[in-house]
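*Asks:* Shown below is the structure under consideration.
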Amino acid sequence: QDEDSPPIPRHRVTAKGSNVPKHIESFEDLQERYKLHTQLLFNLSDSGFKRPTGIQSHAIPILLESRDLAAISPTGTGKTLSYLLPIISSLGSPSAKLKNDCGPGVRALILAPTRELAHQIHNECLKLAQGRKWRIVLFSKATASTLADKSVQDKVDIIISTPLRMVSALQAGSLELRNVRHLVLDEADRMLDAEFLTQVQEIITACSHPQVQKAVFSATLPAGAEKIAMDMLRDPIRIVVGLKDT
Ligand code: ADP
Ligand code: MG
């Protein structure tokens, strides 16, 4: 977005849960509070992101403080960056740089209901990660088969996938998710409905690390899906963003 783009609408935000971390006013706050990498701040401004949106100013500190989160915020309010920035900020060295034969492998997994959406998330992730050497993979038939080679898989940092593609790889025994520390369900209303729920639960079970952080993001979350989400999260914070009346 350029100088002439309209300002981002202000939002009414409510956050509920235990010890909710304080929201940020600017991306620079992140540098002070969390020692955010300068390259990451540069990439933000390079993408034209000057100020955090309502969901971003609340969700980013919560995720950076390793809390589980259910976030409900309207379409177009910047939910993608809300989870990508904390993930990228927490990665440290690329898996490929780690000297031992067995790198940490996949450390973040983002699930989205459609291939199209997964593709968009992948693009935004690549932009945000510019200048660093992480391997960020859009999971497809082709990349799944490349990653079946353990030595390749160990060098991957982030995977973005649809549930079905991921479940196929898990069932084939060709993917290891036990080092995943960040699991995100985007468009969680769809991910937790009957179409995907069994697949999503299978993937969550495969992310067996005791410290896996889980976050769900959605524009809406019907009561049924919300209950499933809250049961799946640990000591969660729930954020709801509503557009302010104009
Ligand atoms: P949502 O997932 O909530 O529907 P997106 O993450 O797809 O929203 O973001 C919507 C649009 O807003 C995208 O074009 C994105 O690049 C842009 N955007 C996100 N965050 C900001 C920001 N802080 N400043 C300006 N534009 C932003
Ligand atoms: Mg979205």
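In terms of the numbering used here, the sequence shown opens at residue 766 and continues consecutively. Using N, Cα and C, we set each Cβ at its ideal position, and we do this for glycine too.
Output needed for Q766: all residues of its chain with C-beta closer than 6 Å, excluding positions within five of it in sequence on either side, in chain order.
*Replies:* Here residue 766 is taken as the residue at index 1 of the sequence shown, counted from 1. Its pLDDT being 45, under 50, Q766 is placed unreliably by the model, and the measurement read from it follows with that caveat. Within the same chain, Q766 has close Cβ partners G813.
*Asks:* For R872 versus N944, is the C-beta distance shorter than 7 Å?
*Replies:* On the sequence shown, residue 872 is found 107 positions in, with the first residue counted as 1. On the sequence shown, residue 944 is found 179 positions in, with the first residue counted as 1. In this structure, N944 lies closer than 7 Å to R872 by Cβ.
*Asks:* Distance, Cα to Cα, P878 vs L935?
*Replies:* For the purposes of this step, residue 878 is identified with residue 113 of the sequence shown, where counting begins at 1. For the purposes of this step, residue 935 is identified with residue 170 of the sequence shown, where counting begins at 1. Going by the C-alpha atoms only, they are around 17 Å apart.
*Asks:* Out of S783, K787, F961, which has the shortest C-alpha to C-alpha gap to L929?
*Replies:* Taking the sequence shown and counting its residues from 1, one reaches residue 929 at position 164. The residue with the shortest Cα to Cα distance from L929 is F961.
*Asks:* Less than 6 Å separating the Cβ of K892 from some heavy atom of the ligand MG?
*Replies:* Numbered from 1 along the sequence shown, position 127 holds the residue referred to as residue 892. Incorrect: K892 has no Cβ contact closer than 6 Å to the ligand MG.
*Asks:* How close, in whole Å, do the beta carbons of Y848 and V1005 come, if the pair is a contact with beta carbons under 8 Å?
*Replies:* Here residue 848 corresponds to residue number 83 of the sequence shown, with the count starting at 1. Here residue 1005 corresponds to residue number 240 of the sequence shown, with the count starting at 1. That belief does not hold up - the Cβ atoms of Y848 and V1005 are roughly 16 Å apart, past 8 Å.
*Asks:* Pop quiz: S854 and L891 are said to be a contact at Cβ under 8 Å. What is the actual Cβ separation, rounded to whole angstroms?
*Replies:* Here residue 854 corresponds to residue number 89 of the sequence shown, with the count starting at 1. Here residue 891 corresponds to residue number 126 of the sequence shown, with the count starting at 1. S854 to L891, Cβ: 16 Å. No contact.
*Asks:* Taking one C-beta from the region 811-830 and one from the region 782-796 each time, how about it: are there three or more such pairs within less than 8 Å?
*Replies:* Yes: the two stretches touch, three or more of their Cβ pairs being nearer than 8 Å.
*Asks:* Kindly indicate which residue of L805, S939, R897, V921 has the alpha-carbon position closest to the one of S910.
*Replies:* Against the sequence shown, residue 910 aligns to sequence position 145. It is S939 whose Cα lies nearest to the Cα of S910.
*Asks:* Using 8 Å as the cut-off, can you tell me whether the region 827-844 makes contact with the region 980-999, which would need three or more C-beta pairs spanning the two stretches below that distance?
*Replies:* Yes, the region 827-844 is in contact with the region 980-999.
*Asks:* Classify T1011 as buried or exposed, calling it buried when 16 or more other Cβ atoms lie within 10 Å of its own Cβ.
*Replies:* The residue given as residue 1011 occupies position 246 in the sequence shown. Interpretation of T1011 is limited by its pLDDT of 46, a score under 50 that renders its predicted location unreliable; no figure is taken from the coordinates.
*Asks:* Have a look at H776, P817, S783, A780 and flag the residue whose alpha-carbon is nearest the alpha-carbon of D794.
*Replies:* Position 29 of the sequence shown, counted from the start, is the residue given in the question as residue 794. Of the candidates H776, P817, S783, A780, the one whose C-alpha sits nearest the C-alpha of D794 is P817.
*Asks:* Short of 6 Å in beta carbon distance, which residues of its chain neighbour T985, apart from the five on each side in sequence? Order them along the chain.
*Replies:* Within the sequence shown, residue 985 is the residue found at index 220, counting from 1. D954.
*Asks:* Can you pull every residue whose C-beta falls closer than 6 Å to some heavy atom of the ligand MG, listed in chain order?
*Replies:* Chain-ordered list of matching residues: K844, T845, D951.
*Asks:* Note down the Cα distance separating E967 from D811, rounded to an integer number of angstroms.
*Replies:* To locate residue 967, count along the sequence shown from 1; it is residue 202. To locate residue 811, count along the sequence shown from 1; it is residue 46. For E967 and D811, the distance between alpha carbons rounds to 38 Å.
*Asks:* Which term fits T842, buried or exposed, when burial requires 16 or more other beta carbons within 10 angstroms of its beta carbon?
*Replies:* To locate residue 842, count along the sequence shown from 1; it is residue 77. Answer is buried; the Cβ neighbour count reaches 16.
*Asks:* Answer with buried or exposed for E952, where buried requires no fewer than 16 other C-beta atoms within 10 angstroms of its C-beta.
*Replies:* Residue mapping note: residue 952 aligns to position 187 of the sequence shown, counting from 1. So E952 counts as buried.
*Asks:* Buried or exposed, going by whether 16 or more other CB atoms sit within 10 Å of the CB of E991?
*Replies:* The residue given as residue 991 occupies position 226 in the sequence shown. Buried, since its Cβ has 16 or more Cβ neighbours within 10 Å.
*Asks:* Could you work out which residue in M931, I923, P839, A980 is closest to R880 when comparing CA atoms only?
*Replies:* Taking the first residue of the sequence shown as position 1, residue 880 is located at position 115. It is M931.
*Asks:* Could you tell me whether the Cβ atoms of G857 and I1002 are closer together than 7 Å?
*Replies:* For this step, residue 857 is matched to residue 92 along the sequence shown. For this step, residue 1002 is matched to residue 237 along the sequence shown. In this structure, I1002 does not lie closer than 7 Å to G857 by Cβ.
*Asks:* Under a three-way DSSP split, which group does R1003 fall into?
*Replies:* What you label residue 1003 is simply residue 238 of the sequence shown in a count that begins at 1. Strand at R1003.
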